[in-house]
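Written out below as C-alpha cells is the structure these notes cover.
Residue numbers (the numbering used here): 45 to 175.
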C-alpha cells in the first residue's frame, strides 16, 4: 500500500491519534518507534510557511512511526493531521509474510479505534473492493 493512500481517517488531532495508535499497537505486542515529527523538523526552518495555511498558525502535522513485531522488518505508519482530522497510511516491506503483518497492524488499529470512526467512513481498500 502506498504511504499516500490512507486506510483510516479519524476526527482527532495528529497528537491524539499518535497516542491512541501507540497504545493500541503496544498493547497488542507491537513495538513502535517514532522517526519523524513535522513540528520538530520545522523548528530548524522558521521561515518555512505552510502551503495550506501560509501562516505561523499552521496546525498541519505529520508523524512517521516504525512498527515492529518480533524479528520482522518494520512497517512504516504515517499519521498526517490537519484541522482536527488525521489520516493513517501504512507501508510494509514487500513479501507474502509482510502482507499478513500489514493486515495485522490495520486490523489492530481498526478494531481498537472503531469507537472513534465516523459511521460513514469509506476507506480506499473497501471502495476498491466494491468496484
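Cβ coordinates follow ideal geometry from the N, Cα and C atoms, glycine included. Predicted, not measured: the structure shown is a model, and the values here were computed from it.
Query raised in the report: Given that a residue counts as buried once 16 or more other Cβ atoms are within 10 Å of its Cβ, and exposed if not, what is residue 92?
Result: exposed
Requested in this report: Verify whether the separation of the beta carbon atoms of residue 4 and residue 109 is less than 8 Å.
Outcome: As shown, the chain starts at 45 and ends at 175. That puts residue 4 outside it, with no answer to give.
Query raised in the report: What do you get for residue 155, buried or exposed, if any count of 16 or more other CB atoms within 10 angstroms of its CB means buried?
Result: exposed
Query raised in the report: With a Cβ-Cβ cutoff of 8 Å, do residue 112 and residue 75 count as a contact?
Result: yes
Requested in this report: Counting only the same chain and skipping the five closest in sequence on each side, list residues whose C-beta sits under 8 Å from that of residue 152.
Outcome: 68, 69, 72, 74
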